[in-house]
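*Asks:*
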Amino acid sequence: MSDRKPCKSDLSEERWALIEPVTTAWKAKHPSVSGHQGNYEMREIVNALLYQSRTGCQWDYLPHDLPLPGAVKYYFYKWHDDGTDEVIHDLLRRQVRESRGRLGPVRRIM
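Per the UniProt record's numbering, the very first residue in the sequence shown carries number 1; after that it's consecutive.
1. If you run the structure through DSSP and keep just helix, strand and coil, what is Gln58?
2. How would you write the range of the alpha helix (DSSP H) that Pro21 sits in, first residue to last?
3. Pro6: which of Tyr74, Tyr51 and Lys27 sits nearest, CA to CA?
4. At the level of alpha carbons, what is the spacing between Pro69 and Ala25?
5. Whose CA, out of Ile88, Leu62 and Arg54, lies closest to the CA of Trp16?
6. So Ile19 packs on Leu66, CB below 8 Å; how close in whole Å?
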């Protein structure tokens, strides 16, 4: 992990352990063509995505100690297009539900 001061939205060790295999597998299947995407730790990319999602800030206003906005957007759009973001979301949601004793499937009421 980097030496930066953590944000409130950063992943805990437990949550990172859940999604790290997903990001590692994705990166193995998608080698960097330009070399730029490989310069950042995947955990920091996810932390930047969580920060942007939580605060609603514009990409260019991400804190300077997180990865560059272009790199973060790269993963955002790639993961959105191939469903990786949903896999990560589902893993994190399941962990939160289990920690609160809600083990059954999510029900949608319309």
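Just so it is clear, CB atoms sit at the ideal spot from N, CA and C, and this is done for glycine as well.
*Replies:* This is what the structure gives:
1. Coil at Gln58, not helix or strand.
2. Going by DSSP, Pro21 is part of the alpha helix (DSSP H) stretching over Glu13 to Lys29.
3. Tyr51
4. 23 Å
5. Considering only alpha carbons, the answer is Ile88.
6. Actually they are not in contact, since the Cβ atoms of Ile19 and Leu66 sit about 17 Å apart, beyond 8 Å.
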